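In the numbering used here, the protein residues as written are 313 to 386. The beta carbon of each residue, even a glycine, is placed where N, CA and C say it ideally should be. All values derive from a computational prediction rather than experimental measurement. Since the structure comes first, as structure tokens, the remarks are kept for the end.
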């Protein structure tokens, strides 16, 4: 099974569950444990959006992934 087809959420602090509220066609997980920087030109289309409260959850998860205490408390 490809990584993008993973059907479970491990509920670790570095993950954020996403889905219909973010405009995604099916339940998904943003895993901030393995972040890569890519050129903007590689991004073809926007597939969803985050509300301000979901942005805080992503920042918090990134704080756990990077060991950044200030972000963990968001």
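Minimum C-alpha distance to residue i - residue among the options
{"i": "residue 345", "options": "328, 363, 334", "result": "328"}
Cutoff 8 Å; reference residue i; Cβ partners in own chain excluding five residues on either side
{"i": "residue 314", "result": "Reliability of the predicted coordinates at residue 314 is poor, the pLDDT of 46 falling under 50, and the value obtained from them is presented with this limitation in mind. Counting only Cβ-Cβ distances below 8 Å, and skipping sequence neighbours, we find nothing."}
Between the CA atoms of residue j and residue i - distance to the nearest angstrom
{"i": "residue 355", "j": "residue 385", "result": "30 Å"}
{"i": "residue 368", "j": "residue 350", "result": "22 Å"}
{"i": "residue 364", "j": "residue 372", "result": "12 Å"}
{"i": "residue 330", "j": "residue 375", "result": "18 Å"}
{"i": "residue 360", "j": "residue 336", "result": "6 Å"}
{"i": "residue 362", "j": "residue 324", "result": "20 Å"}
{"i": "residue 383", "j": "residue 366", "result": "14 Å"}
{"i": "residue 333", "j": "residue 340", "result": "11 Å"}
Residue interval of the beta strand (DSSP E) (run including residue i)
{"i": "residue 336", "result": "Counting along the chain, residue 336 falls outside any beta strand (DSSP E), and DSSP gives it neither H nor E."}
Residue i Cβ short of 6 Å to the ligand ADP heavy atom set
{"i": "residue 325", "result": "No copy of the ligand ADP occurs in the structure displayed, which carries no ligand at all."}
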